[in-house]
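Novice: Sending over a structure as structure tokens; questions will come in a sec.
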Amino acid sequence: MNEAIRPGPGQILQAGAPLQLSVVVPTFNERGNVATLVQRLDAALVGISWEVIFVDDNSPDGTADAVRELARGDSRIRCIRRIGRRGLSGACIEGMLASSAPCAAVIDGDLQHDETQLGKMLGLIESGAAELVIGSRYIEGGSADSFNQQRLGASKFATAVAQRVLRVKIADPMSGFFMIRRDRFEQLAPKLSTQGFKILLDVVATAEGDLRVVEVPYTFGSRLHGESKLDSMVALDFLGLVLAKLTNDTVSLRFLLFAMVGSIGLFVHFAVLFVTLEVFDPPFAEAQAIAAFCAMTGNFLLNNFLTYRDQRLKGFGILRGLAIFYVVCSVGLLANVGVAWSVFDQEPIWWLAGASGALMGVVWNYAMSGLFVWRKR
Ligand code: GDD
Ligand code: MN
């Protein structure tokens, strides 16, 4: 600290009790729930010095406004509003990194988690018994009664996969309710994935057993207001996380999806080419151009829906993105042919040259699409 601004003896500003706990609440369209959550935290955390950090992804229902309204009358409440980004994991990570308390908890904003467990969880960490405490539905005393059969089945299946494939020795790694020592979290943070829903699983898998974990039972309740944001796409997120952890982050699900969409595009191309030639009998070059056009358009839409669903373009942005995607893919095709040509020139093996060109094309298209089409705003 600069000598000039260091407070001298007796000059230290009057501060509140040192902060013990930051409660991080990821929110998307939870306007109706925030006030109740704050009231319940206030009741549950008597005698503890705490703050709550809401991390809102620019909810259209004005959740951030509702939080600020409360925060104006209570300095324990903070709000981070993220623009142009979506994702539960990323929001939790940002919230915890914004905290300065020695302990950080993550709790859902819809009151499905049991905030009355927080005191006990903090006790376990402060006493040194644990570095990570998990609110668990799948141990003695916990339950997920509010889940329907389908959701319960999916949750148990993902749990089994995580336990076997990632060798995670925890009863409820899919839980979204936990507390962690912040210094331990800071160490792990650079390796965590910001995409997806499964922040706790990521933390546990990334720590590779080097984290003292205790699970406490709780009952997963029903939502107060609003609806769940979890859809069938979280299965993809889950798959991506498992892949990334298994391969030490070398295989990205996004790239795999992009390549998969690319091969679907090849199929579309041939189908359209065939049909156009059969039905309309145009000059070949015209048919080829139409086929390429259809394949690129289809690929763009699929990528917008799947590969980049967290940054999905909407409205006018779709047209703009599509136009840039055409340009990117056209240059990609040139790169593809160029590489294939020079490989063939060295070694006239048609499939090797073809595969090299295709690989060049997909890597180029992927890199450039990420930069120019679905770029982070
Ligand atoms: N900032 C932000 N961004 N918050 C989000 C986003 C997002 O993209 N998506 C969801 N949230 C917030 C919600 O507003 C809510 O506070 C919390 O994250 C949980 O989301 P829900 O939509 O209520 O999920 P859920 O109830 O279906 O799933 C919960 O239970 C699962 C256990 O099976 C979550 O806690 C999951 O993390 C948990 O795995
Ligand atoms: Mn919920």
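Take the sequence shown: its position 127, counting from 1, is numbered 127 in UniProt numbering, and each next residue is one higher. The C-beta atom is built at its ideal place from N, Cα and C for all residues, glycine as well.
From residue 22 to residue 57, what distance separates their C-alpha atoms?
Specialist: If I take the Cα positions, the gap works out to 19 Å.
Novice: Just the Cα atoms here: how many angstroms apart are residue 1 and residue 303?
Specialist: In this prediction, residue 1 has a pLDDT of 44, which is less than 50 and means its spatial position is unreliable; what the coordinates show is noted afterwards. About 49 Å.
Novice: Just tell me which of 195, 363, 364, 339 has its CA closest to the CA of residue 354.
Specialist: Checking every option, the nearest Cα to that of residue 354 belongs to 339.
Novice: Among the candidates 268, 189, 210, whose CA atom is the shortest distance from the CA of residue 294?
Specialist: Residue 268 is the option with its Cα nearest to residue 294.
Novice: Exposed or buried, which one is residue 203 when buried takes at least 16 other CB atoms within 10 Å?
Specialist: Counting Cβ neighbours within 10 Å, residue 203 comes out buried, since at least 16 surround it.
Novice: I'd like the list of long-range same chain contacts for residue 61, defined as Cβ closer than 6 Å, with 5 residues on each side in sequence excluded.
Specialist: Around residue 61: 29, 31.
Novice: Taking 8 Å as the cut-off, does the CB of residue 307 come closer than this to any heavy atom belonging to the ligand GDD?
Specialist: Checking the Cβ of residue 307 against the ligand GDD gives no.
Novice: Could you tell me whether the region 222-235 touches the region 273-284, using the rule of 3 or more Cβ pairs below 8 Å?
Specialist: With the cut-off at 8 Å, the region 222-235 and the region 273-284 do not touch.
Novice: So who's on the other strand from residue 134, going by DSSP bridges?
Specialist: Answer by DSSP bridge pairing, in chain order: 178, 215.
Novice: On the premise that residue 95 lies in contact with residue 80, defined as a C-beta separation below 8 Å, what is that separation, rounded to the nearest angstrom?
Specialist: With 8 Å as the limit, residue 80 and residue 95 qualify as a contact, their Cβ atoms being about 6 Å apart.
Novice: Quick check: residue 88 and residue 197, are their CB atoms within less than 9 Å of each other?
Specialist: For residue 88 and residue 197, yes; Cβs fall inside 9 Å.
Novice: So, helix, strand or coil for residue 1, using DSSP?
Specialist: Low local confidence applies: a pLDDT of 44 at residue 1 is under 50, so the model's placement there is unreliable, with the coordinate-based value given in what follows. The answer is coil: DSSP assigns residue 1 none of H, G, I, E or B.
Novice: Whose C-alpha, out of 373, 125, 292, is nearest the C-alpha of residue 316?
Specialist: Minimum Cα distance to residue 316 is reached at 373.
Novice: With 16 as the cutoff for other CB atoms within 10 Å, does residue 270 come out buried or exposed?
Specialist: By the 10 Å Cβ count, residue 270 comes out exposed.
Novice: Relative to the alpha-carbon of residue 103, which residue among 310, 59, 18 has its alpha-carbon at the smallest distance?
Specialist: With distances taken between Cα atoms, residue 103 lies closest to 18.
Novice: Following a CB-centred definition, is residue 176 positioned closer than 8 Å to any heavy atom of the ligand GDD?
Specialist: Within the cutoff, so yes.
Novice: Can you tell me whether DSSP reads residue 378 as helix, strand or coil?
Specialist: With the chain covering 1 to 377 only, the question about residue 378 has no answer from this structure.
Novice: The alpha helix (DSSP H) that contains residue 333, what's its start and end?
Specialist: Start and end: 316-346.
Novice: Can you give the Cα-Cα distance for residue 64 and residue 105, rounded to whole angstroms?
Specialist: Spanning the two alpha carbons is a distance of roughly 20 Å.
Novice: List the whole-angstrom C-beta distance separating residue 92 from residue 38, where the pair is believed to meet the contact cut-off of C-beta under 8 Å.
Specialist: No, residue 92 and residue 38 are not in contact; Cβ-Cβ is about 18 Å, not under 8 Å.
Novice: At 3 residues or longer, and completely inside the region 209-268: list those beta strand (DSSP E) runs for me, N to C.
Specialist: Taking only runs of at least 3 residues, the beta strand (DSSP E) segments lying wholly in the region 209-268 are 213-217.
Novice: Quick one: complete beta strand (DSSP E) runs, 3+ long, within the region 63-93?
Specialist: If we require 3 residues or more, the beta strand (DSSP E) runs fully inside the region 63-93 come out as 77-81.
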